[in-house]
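Structure below.
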């Protein structure tokens, strides 16, 4: 055995986590490994490892840890590829390892931007409806590619749906302002729709028409 090579003198399970093992080289503790990595790298006591082989083992461990982090992230809630990439990079993972992990998760369909975007849009429209323009901005911030985004929005937003969504929002909101000054109500409703990303053409039409309908209903009861 040359001086550059090191011998695996002991492999023992950790006391607090039996899925992880401590690996000793030349009688000294070297590093901890997950059981999966230990099996994948075919490590046994008595093995002689060159520096390059030790480097491969450490990279395998780093990849495993990055994958575990990614799996925890997407188990908590669905995420886009870019969201996972960003979170892994923030924890200090090597960029090349991050890419390997993402490629693997995409290959087995645990990361799928088209499915994520469709689910995100549907959920958003149910829980807190917004305009198509603002939805596009939110998807872009999550790293969704333009082609994927266009396809999803085309399916989930029907022609003219911005106006329909704005109208439904106003019908619910206008009840809160019963008896208040009409000009102030108009401004509050307009600002509300603007925060949801609707254009002023849609805002002007919807607010004007819905306030007129509400006023006519009030007059019918007088």
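In this note's numbering, the protein residues as written are 1 to 222.
Virtual Cβ for every residue (Gly too), placed ideally from N, Cα, C.
| Start-end ranges of the alpha helix (DSSP H) lying completely within the region 73-106, minimum 4 residues | 81-90
| query | Of all the options 11, 93, 136, which has the alpha carbon lying nearest to the alpha carbon of residue 66? | reply | For this step, residue 66 is matched to residue 66 along the chain shown. Per the Cα distances, 93.
| task | Taking all protein chains shown into account, decide if residue 131 is buried (16 or more other Cβ within 10 angstroms of its Cβ) or exposed. | result | Mapped onto the chain shown, residue 131 falls at position 131. By the 10 Å Cβ count, residue 131 comes out buried.
| field | Proximity winner among 118, 135, 208, 8, relative to residue 167 (alpha-carbon distances) | value | Working through the chain shown from its first residue, we reach residue 167 at position 167. Nearest C-alpha to residue 167: 208.
| query | Is the distance from the Cβ of residue 8 to the Cβ of residue 47 below 8 angstroms? | reply | Your numbering for residue 8 matches position 8 in the chain shown. Your numbering for residue 47 matches position 47 in the chain shown. Taking 8 angstroms as the Cβ cut-off, residue 8 and residue 47 qualify as a contacting pair.
| Does DSSP put residue 32 in a helix, in a strand, or in coil? | Working through the chain shown from its first residue, we reach residue 32 at position 32. Strand.
| Per DSSP, residue 49 forms a beta bridge with which residues? | In the chain shown, counting from the first residue as 1, residue 49 sits at position 49. DSSP, once it has assigned bridges, lists 6 as partnering residue 49.
| message | For residue 39, count the other beta carbons within 10 Å of its own beta carbon; 16 or more makes it buried, fewer makes it exposed. Which is it? | response | To locate residue 39, count along the chain shown from 1; it is residue 39. Exposed is the call here.
| message | Could you tell me which whole beta strand (DSSP E) segments of length 3 or greater appear in the region 179-218? | response | none
| Can you tell me the Cα-Cα spacing of residue 11 and residue 18, whole angstroms? | Walking along the chain shown from the start, residue 11 turns up at place 11. Walking along the chain shown from the start, residue 18 turns up at place 18. Approximately 12 angstroms between the Cα atoms of the pair.
| said: My output table needs one value for residue 167: the three-state DSSP class, helix, strand or coil. | reply: Position 167 of the chain shown, counting from 1, holds the residue named residue 167. Helix at residue 167.
| Proximity of residue 169 and residue 186 at Cβ, strictly below 8 angstroms | Along the chain shown, read from residue 1 onward, the residue named residue 169 stands at position 169. Along the chain shown, read from residue 1 onward, the residue named residue 186 stands at position 186. Result no, Cβ atoms of residue 169 and residue 186 do not sit closer than 8 angstroms.
| field | Integer-rounded CB distance, given that residue 80 should sit under 8 angstroms from residue 143 | value | Residue 143 sits at position 143 when you count from the first residue of the chain shown. Residue 80 sits at position 80 when you count from the first residue of the chain shown. Right, the Cβ-Cβ distance comes to about 5 angstroms (below 8 angstroms), so this counts as a contact.
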